[in-house]
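A.B. asks: Just dropping this structure here.
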Amino acid sequence: MIPSRDETSNQRGCLRLLFRARREAAQAVLLLGLISSVPGVASAASIFVASQDAGQLARIETGTKTVAATIDVQAGPVALATDAHGRIYLSHPDHGAITVVEGRTNRVLRRLLYDGQPFGIAADPDGRFVYIGDWKAGHLARLDAETGAVNAIAVVGKDPANLALGHDGRIWVADRESHQISVINAARMQRIATIPVGEGPFALGLSPAQDRLYVANVRSNDLSVIDTATLKLLATVPVGAMPYGVATSTDGARILVTNQHAGTVSVIDAVDLKVSGTVKVGRYPEGIVVSGALAYVANWFSEDVSVIDLASLHEIGRVPVGEGPRALSVTPNDRSQRSEVVR
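Next up, the structure:
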């Protein structure tokens with residue numbers, strides 16, 4: 006069963022009113038920190054943010070730290086992926102659909118229908134295929150990116166959540182209710198291994214060298230670290246309450262994990278695998294991406310995106326977006342690690 010939007014809190018409506026008032030009072034101060042640029046930050050990239058409740062895709066320019074465009078998409082987008090051509094693919098599990106957006110022109114190209122519940126999503130680099138985890142059916146499907154036709158199916162575990170597509174042609178699938186990672190050969194669309202992890206694996210992040218896979222486990226409140234060569238679990242790192250997103254710094258030296266219930270981001274040293282710092286962000290942080298020297302965090306309840314300076318490990322501002330932001334991605338001209346968060 007797909008968890009509802011209100012699963013994490015029965016008081017969400019009341020909380021939103023309180024958070025909105027606080028946010029409006031604080032935004033004037035927080036946004037001042039975004040006016041000045043941070044040395045070393047790439048200015049050419051765009052951060053795309055899917056707002057589930059608003060049914061919108063926002064484009065944030067990293068140079069100005071402002072929303073350059075807002076694109077109306079079908080209701081309930083929960084995950085997104087980008088390909089090398091700058092197209093963005095958004096999954097809508099409640100509607101059995103995938104929206105394809107042209108990132109350079111900010112327009113919807115087409116909507117693909119899928120007979121199931123497309124959840125986590127990954128895009129083939131050359132734009133030929135889209136891979137989706139079908140939450141209801143418990144399989145991974147490969148779709149034609151133009152027509153949406155199902156090309157092949159691979160069996161995975163129960164309630165597949167996020168996906169990670171490696172350069173070596175393997176797809177990593179977080180099987181949330183099976184508490185494992187399925188490893189898929191993308192060419193043959195066959196499962197080649199399963200790796201036990203913590204409870205409720207959800208978000209996935211590959212290191213820049215792709216020799217490590219980081220898995221955020223939402224129920225056991227920890228991060229699993231997997232050696233992608235041996236397919237063995239290397240370590241389990243305790244983090245904050247309900248970790249929902251994971252990314253790495255561009256040099257791979259640090260791992261960043263969003264802690265939804267704690268309202269924080271845990272910073273982990275990638276060598277000794279210990280938490281080296283914690284950054285306070287907005288309410289119910291979920292998706293996280295890194296672009297240059299900054300990290301961007303989607304705050305589900307406070308309806309904005311936190312911007313973190315990775316040098317000082319401080320939140321330097323927030324960018325308001327549509328209601329219910331949960332997933333982010335970076336355009337290919339500055340593709341740092343991304344984390345997709347779904348319901």
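Going from the sequence shown to the working numbering is simple: count from 1 and add 5.
Where a beta carbon is used, it is the ideal one built from N, C-alpha and C, also for glycine.
(1) Candidates 181, 240, 263, 250: which alpha carbon is nearest residue 164's?
(2) By Cβ distance below 7 Å, which residues in the same chain neighbour residue 239 in space, the five residues on each side in sequence not counted?
(3) Given that a residue counts as buried once 16 or more other Cβ atoms are within 10 Å of its Cβ, and exposed if not, what is residue 210?
(4) From 204, 295, 106, pick the residue whose C-alpha is nearest to that of residue 312; which is it?
(5) Output the distance between the C-alpha atoms of residue 212 and residue 154, rounded to the nearest integer angstrom.
(6) Using the DSSP secondary-structure output, state which residues sit across from residue 146 in a beta bridge.
(7) Do the stretch 134-142 and the stretch 168-180 make contact, defined as three or more Cβ pairs closer than 8 Å?
(8) Would the beta-carbon of residue 120 be found less than 7 Å away from any heavy atom of the ligand GDP?
(9) Is residue 47 helix, strand or coil when you go by DSSP?
(10) Just grab the DSSP bridge partners of residue 127 for me.
(11) Take residue 111 and list the residues in its own chain whose beta-carbon comes closer than 7 Å to its own, dropping the five residues that flank it on each side.
(12) Comparing C-alpha positions only, which one of 107, 304, 144 sits nearest to residue 78?
(13) Should residue 328 and residue 58 be called a contact, given that it needs their Cβ atoms to be closer than 8 Å?
(14) Provide the residue span of the beta strand (DSSP E) that contains residue 291, from first to last.
(15) What does the alpha-carbon distance come out to for the pair residue 261 and residue 159?
C.D. replies: Let me lay it out:
(1) 181
(2) 230, 231, 232
(3) buried
(4) 295
(5) 31 Å
(6) 137, 158
(7) yes
(8) In the structure on display, the ligand GDP does not appear, and there are no ligands present to speak of.
(9) With a pLDDT of only 38 at residue 47, under 50, the local geometry of the prediction cannot be trusted, and no value is derived from it.
(10) 136
(11) 64, 74, 76
(12) That would be 107, whose Cα lies nearest to the Cα of residue 78.
(13) Yes, the Cβ-Cβ distance between residue 328 and residue 58 is below 8 Å.
(14) 290-296
(15) 30 Å
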